[in-house]
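Read in order, the letters of the sequence shown correspond to residues 1 to 265 in this note's numbering. Report on the structure given below.
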Amino acid sequence: MKTAVVTGATGKQGGAVARHLVAAGWDVRAVTRDPAADVPGTSVVVADQASPDSLIRAFSGADAVFSVQPAPHDPRSPQGYSPAVETRWGRNVADAAQAAGVSHLVYASLVAATSQTGVASFDSKWEVERHIEDLGLPTTVLRPTTFMDGLYTPGLTRLTHLLNPSVPYHLIAVDDIGAIAARVFADPARFIGSSLSLAGDVLTPVEMAELIGVPYERFQVDYPELRKVFDHPAEPAADIEALRALHPGLRSFAAFVSEVRNGVV
């Protein structure tokens, strides 16, 4: 049985990855700062992404590591957390993986992080990617697109977002990120050295709202760089059919909404 360490295991992406690795038969260590955390099927390991030494101990003897950092805008993020801290934590995980001799790092980046955008919370991931590349680590980069989970919850009466109402966006369910990550871990020879843009559907916000059965309203922001990114998103070149061949359960947005309404996810 191979061992995988999952950072962010109590969060959305890390939790999804941990679930799917456990289901696939991996010995999973769930890294968390909370010793009382419950991550079913895993061995909880207390470590802090701000502490490289604790990460090296958590990674010791492991075959693979999943690296994800909290989003700077997430209300659950630690006090004082920022894009600069996110970059530092992502570098710490990469450094610890190298020091521990981990043979496969899977890094959860962002579809917009292929180049500098001027948006700090996007460029933080670009900086982490550059550091991983400089280290020469055997790595697969996952590039999630817009989370379906952030667009629909039961009882929603109006869909509001920064997305341009007339622009098609690629979408991915967080659980599908976990499923795809597990398949990437299972076949390192195929995926090391590559990146995967992750999407299960492509829709405009108006089309999303129609599927939910609510109106769409766009947030107005005064941050020019952020507005530019959402007005003209970089084409992620996600090959949805290839992803569905890799993970046959890949959800469309309609399927995701239906599952949430029926309590499946």
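Cβ atoms here follow ideal geometry from the backbone N, Cα and C, with glycine treated the same way.
- Closest in C-alpha terms to T140, from the list L156, S166 and L110, comes L110.
- DSSP places I192 outside both helix and strand once states are collapsed to three, so it counts as coil.
- A straight line joining the alpha-carbon of V45 with that of V206 spans about 43 Å.
- Ranked by Cα distance from Q98, the options G136, E127 and I180 are led by G136.
- Per DSSP, V39 has no beta-bridge partner at all.
- The DSSP-derived three-state label of L156 is coil.
- Relative to D27, the option among F185, R190, R251 and T204 whose CA is nearest is F185.
- Among the bridge pairs identified by DSSP, A50 is matched with none.
- Nearest to K12 by alpha-carbon distance, out of L105, L159 and I172, is I172.
- Collapsing the DSSP output to three states places L110 in coil.
- With respect to the C-alpha of R76, the residue from D201, A255 and T10 having the closest C-alpha is T10.
- Its Cα nearest to that of A100, the residue V5 stands out among E133, F191 and V5.
- The way I'd put it, the region 143-160 does touch the region 202-218; three or more beta-carbon pairs between them come closer than 8 Å.
- For H131, the three-state secondary structure derived from DSSP is helix.
- D123 and T3 have their C-alpha atoms spaced approximately 31 Å apart.
- By the Cβ criterion, the region 82-89 is not in contact with the region 166-180, since fewer than three pairs of Cβ atoms, one from each stretch, lie closer than 8 Å.
- Remark: C-beta atoms of V31 and A58 approach each other more closely than 7 Å.
- Distances from the alpha-carbon of Y223 to those of A120, P78 and G41 put A120 closest.
- In this structure, A238 sits near S197, with a CB-CB distance shorter than 7 Å.
- Residue range D201 to L203 is occupied by the beta strand (DSSP E) that includes D201.
- A distance below 7 Å separates the beta carbons of F253 and D201.
- With respect to the 7 Å criterion, R218 and P165 are classified as neighbours on the basis of their beta carbons.
- In the three-state reduction of the DSSP assignment, F219 falls in the coil class, being assigned neither a helical nor a strand state.
- About 5 Å separates the beta carbons of S67 and Y107, which is inside the 8 Å limit, making them a contact pair.
- Between A112 and P52, the C-beta gap is not smaller than 7 Å, which leaves the two residues out of contact.
- Annotated as proximal: V174 and A16, with beta-carbon spacing under 7 Å.
- When only Cα atoms are considered, L163 and D231 end up about 7 Å apart.
- For H20, the three-state secondary structure derived from DSSP is helix.
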